[in-house]
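Asks: Remember, the working numbering sits 480 above the position in the sequence shown when you count from 1.
We treat Cβ as the ideally placed atom computed from N, Cα and C, and that holds for glycine.
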Amino acid sequence: EYRSIDAPTDVLSFSMGEWYEDAGQKIYRAGDIVISIPALYRNAEEFHVAPDEELKRLLIHGILHLEGMDHETNDSSEPMLIQQEAILAEFAGGTLL
Numbered sequence: 481e482y483r484s485i486d487a488p489t490d491v492l493s494f495s496m497g498e499w500y501e502d503a504g505q506k507i508y509r510a511g512d513i514v515i516s517i518p519a520l521y522r523n524a525e526e527f528h529v530a531p532d533e534e535l536k537r538l539l540i541h542g543i544l545h546l547e548g549m550d551h552e553t554n555d556s557s558e559p560m561l562i563q564q565e566a567i568l569a570e571f572a573g574g575t576l577l
């Protein structure tokens, strides 16, 4: 519904991109990320990765969308997906789990 595509997705990002003040402190509200847990487990099984690795991947993916990045396809050569995997590798100490 939100993507105007009649197909399930694993992660949705809703950008807010706003600053607000709370108790004298400026806080940036990037937006919301919604992850489909059933899709997370399907992805983990399909790609032969642990669910916790897939959760990290989906969180990174959502954050990159909140930062304004996008991709046309899910091909691993997409710049956003290359960056996603590089960030994931950093969390894993330089190598994927």
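May I ask which residues mark the beginning and end of the beta strand (DSSP E) holding Met549?
Replies: As a first step, residue 549 must be located in the sequence shown, where it is residue number 69. It is not in any beta strand (DSSP E) - Met549 carries neither H nor E in the DSSP assignment.
Asks: Leu539 and Leu520 - do their beta-carbons sit closer together than 8 angstroms?
Replies: In the sequence shown, the residue the question calls residue 520 occupies position 40. In the sequence shown, the residue the question calls residue 539 occupies position 59. No, these two residues do not count as a Cβ contact at 8 angstroms.
Asks: Assign Glu526 to one of two classes, buried (16 or more other C-beta atoms within 10 Å of its C-beta) or exposed (fewer than that).
Replies: Position 46 of the sequence shown holds residue 526. Label assigned to Glu526: exposed.
Asks: Pull up the distance between the alpha-carbon of Pro531 and that of Trp499, whole angstroms please.
Replies: The residue you call residue 531 lines up with position 51 of the sequence shown. The residue you call residue 499 lines up with position 19 of the sequence shown. Answer to the nearest angstrom: the Cα atoms are 33 angstroms apart.
Asks: Per DSSP, what kind of secondary structure is Glu525 in: helix, strand or coil?
Replies: Within the sequence shown, the letter at position 45 stands for residue 525. Looking at Glu525 - three-state DSSP - the assignment turns out to be helix.
Asks: Within 7 angstroms: the Cβ of Gly548 and any heavy atom of the ligand MN?
Replies: For the ligand MN, the structure offers nothing, since it holds no ligand at all.
Asks: Answer with buried or exposed for Gln564, where buried requires no fewer than 16 other C-beta atoms within 10 angstroms of its C-beta.
Replies: Counted from its first residue, the sequence shown places residue 564 at position 84. Its Cβ being crowded by 16 or more others within 10 Å, Gln564 is buried.
Asks: Determine, using beta carbons only, whether Gly504 and Ser493 come nearer to each other than 8 angstroms.
Replies: Counting from 1 along the sequence shown, the entry for residue 504 is found at position 24. Counting from 1 along the sequence shown, the entry for residue 493 is found at position 13. Contact flag unset, no.
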